[in-house]
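What follows is a set of notes on a single structure, which appears directly below.
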Amino acid sequence: MNIKEIGEIRRHIRRDRSNMTAIYGCYVNQGKEIVSEFRRSTGMMSENEGDKYFGLMRKTLSGTVGKHLIDISFQTAQVMSDSEHKLLRDLRDSNLEDEQLRLQFYHKVMETLSFDDGYLILLGCDRYDVPFKRKDDSDGDSSEVYRFLLCAVCPVKLTKSALHYVPEEGLFHDGGITNAVSAPELGFLFPAFDNRATNLYNALYYTRSTKENHETFADSIFNVKIPKPAFLQKKSFEAILSNALEEECGLDTVQTVHEQLVQRITLHKESKVPDTLLVSKEEVKEVLTGCGISEAKIAKFSVDYDEAFGFEADLHPKNIIDEKRFEIKTPDVSIKVAPDRADLIETRVIGGVKYILINAQEDVEVNGVRIHI
Numbered sequence: 000m001n002i003k004e005i006g007e008i009r010r011h012i013r014r015d016r017s018n019m020t021a022i023y024g025c026y027v028n029q030g031k032e033i034v035s036e037f038r039r040s041t042g043m044m045s046e047n048e049g050d051k052y053f054g055l056m057r058k059t060l061s062g063t064v065g066k067h068l069i070d071i072s073f074q075t076a077q078v079m080s081d082s083e084h085k086l087l088r089d090l091r092d093s094n095l096e097d098e099q100l101r102l103q104f105y106h107k108v109m110e111t112l113s114f115d116d117g118y119l120i121l122l123g124c125d126r127y128d129v130p131f132k133r134k135d136d137s138d139g140d141s142s143e144v145y146r147f148l149l150c151a152v153c154p155v156k157l158t159k160s161a162l163h164y165v166p167e168e169g170l171f172h173d174g175g176i177t178n179a180v181s182a183p184e185l186g187f188l189f190p191a192f193d194n195r196a197t198n199l200y201n202a203l204y205y206t207r208s209t210k211e212n213h214e215t216f217a218d219s220i221f222n223v224k225i226p227k228p229a230f231l232q233k234k235s236f237e238a239i240l241s242n243a244l245e246e247e248c249g250l251d252t253v254q255t256v257h258e259q260l261v262q263r264i265t266l267h268k269e270s271k272v273p274d275t276l277l278v279s280k281e282e283v284k285e286v287l288t289g290c291g292i293s294e295a296k297i298a299k300f301s302v303d304y305d306e307a308f309g310f311e312a313d314l315h316p317k318n319i320i321d322e323k324r325f326e327i328k329t330p331d332v333s334i335k336v337a338p339d340r341a342d343l344i345e346t347r348v349i350g351g352v353k354y355i356l357i358n359a360q361e362d363v364e365v366n367g368v369r370i371h372i
């Protein structure tokens, strides 16, 4: 799914737009025991309560594609006979009204997830009448119906409330401890909405954290191996550059790789193409070749890349660099530079001593004090 398709479904997940007639929930404590299982009719919810429930569900369709929103791709054999895929289909096709199917799903989640104070599993089944898009991008009559399952897993946290005012007594009292539902930690949409149509061969997985993607949950629910978390992808890419290039990994090389990837991100953003931007191993190798890196080092980079990310895997550039940050560090010094002014920094060896030099033609401040050089 691209960002435009995700946004179209996200806008539909609202109390006044959705066709979701009920939201099902399962509250699981820290001991992996079901505390409560419930069905809430969306039509019977107050406006404020409905907005909160739909807000939690909608949150699973937010974030950066490739970083928080991960494409799940099923093999043909899985769609035809896999028990995990069948359970998701059956949940959707039953409109979540089959209690045994819901319990089966809840227990699969409970086997793989654990939070300090428990969590709430929310499930909803919806129908979206997909409007026909005219050439001017305006909506026409509905051309097909997209039926989907939406899941949100929200940590429940024990919170001590502050003193609150009781009008009848004219006093402030302690509100005690409450079990508050937090924003979703993970969730998913099934099936995918690709090319504005149902695609049973894909799903969309949401993870709030860029460091923890709950791989065991994804494996249990989808039986699909998902990519490393974005944080680990970045660390792996940095380690591959450093270890593979060794003494050829200089400031100019890292700077060029960063600039080239930022340029691709910027051009993609300006083009307003909805499809997700990816960078291939071959594209990175071309950049390294342009930096004068030897064939032997590039070959080592290629091998290490495949071992870390999978053979010829494409990566989301935003997962392997920080487009808004360029930083140089030693054990005792940290230099942060605007990415578009990295040319102000250079490295030199003077009299056998290694230096990082900063071009300081403009004003210089130390601890907020303007100084003269």
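Numbering (numbering that gives the first Met the number 0), first residue to last: 0 to 372.
Even glycine gets a Cβ: it sits at the ideal position worked out from N, Cα and C.
Just so it is clear, the structure is predicted and the values come from calculations on it, not from any experiment.
Note down, in chain order, each residue of its chain lying with its Cβ closer than 6 Å to the Cβ of residue i, except the 5 sequence neighbours on either side.
i, result
"residue 114", "154"
"residue 151", "55, 56, 59, 121, 183, 186"
"residue 325", "336, 338, 341"
"residue 361", "none"
"residue 164", "171"
"residue 320", "257, 260"
"residue 4", "192"
"residue 28", "34, 117"
Which residues share a DSSP beta bridge with residue i?
i, result
"residue 154", "118"
"residue 188", "149, 203"
"residue 123", "22, 149"
"residue 179", "156"
"residue 128", "144"
"residue 198", "191"
"residue 347", "354"
"residue 335", "326"
"residue 173", "162"
"residue 36", "25"
"residue 363", "370"
Do you know whose CA, among the options, lies nearest residue i's CA?
i, options, result
"residue 120", "329, 304, 317, 111", "111"
"residue 402", "229, 12, 15, 0", "Outside the displayed range of the chain (0 to 372) lies residue 402, so it cannot be described from this structure."
"residue 10", "201, 61, 263, 253", "61"
"residue 179", "157, 353, 273", "157"
"residue 285", "305, 255, 276", "255"
"residue 177", "166, 165, 160", "160"
"residue 147", "170, 321, 332, 12", "12"
"residue 289", "226, 224, 251", "251"
"residue 46", "15, 99, 131, 242", "15"
"residue 84", "149, 220, 117, 266", "220"
"residue 145", "65, 29, 91, 301", "91"
"residue 6", "323, 331, 295, 273", "273"
"residue 174", "162, 1, 268, 275", "162"
"residue 249", "347, 301, 65", "347"
"residue 77", "201, 354, 355, 269", "201"
"residue 306", "238, 98, 354", "238"
"residue 332", "166, 354, 235", "354"
"residue 268", "167, 295, 322, 100", "322"
Do residue j and residue i come within 8 Å of each other at the CB atom, strictly closer than that value?
i, j, result
"residue 212", "residue 206", "yes"
"residue 8", "residue 192", "yes"
"residue 53", "residue 93", "no"
"residue 87", "residue 189", "yes"
"residue 63", "residue 271", "no"
"residue 327", "residue 344", "yes"
"residue 245", "residue 280", "no"
"residue 293", "residue 247", "yes"
"residue 277", "residue 240", "no"
"residue 195", "residue 261", "no"
"residue 225", "residue 69", "yes"
"residue 370", "residue 203", "no"
"residue 124", "residue 19", "yes"
"residue 303", "residue 242", "yes"
"residue 265", "residue 1", "no"
"residue 109", "residue 51", "no"
Only counting the same chain, and skipping five residues up and downstream in sequence, which positions put a Cβ closer than 8 Å to that of residue i?
i, result
"residue 372", "359, 363"
"residue 231", "210"
Can you give me the Cβ contacts of residue i inside the same chain, cut-off strictly under 7 Å, excluding the 5 residues immediately before and after it?
i, result
"residue 38", "21, 23"
"residue 81", "222"
"residue 35", "26"
"residue 297", "284, 287, 288"
"residue 301", "280, 284"
If you measure from the CB of residue i, is any heavy atom of the ligand NAD nearer than 7 Å?
i, result
"residue 131", "Because no ligand of any kind appears in the structure shown, any question about the ligand NAD cannot be addressed here."
So within the region 263-328, which uninterrupted alpha helix (DSSP H) runs reach at least 4 residues, ignoring any that extend past its ends? Within the region 263-328, the complete alpha helix (DSSP H) runs of at least 4 residues are 280-289, 294-308, 316-319.
Note down, one range per segment and in chain order, each alpha helix (DSSP H) of at least 4 residues found wholly within the region 221-264. Runs found: 229-244.
For the region 52-86, which segments carrying the alpha helix (DSSP H) assignment without a break, of at least 4 residues, lie completely within its bounds, in sequence order? The region 52-86 is shown to contain whole alpha helix (DSSP H) runs of 4 or more residues at 75-80, in chain order.
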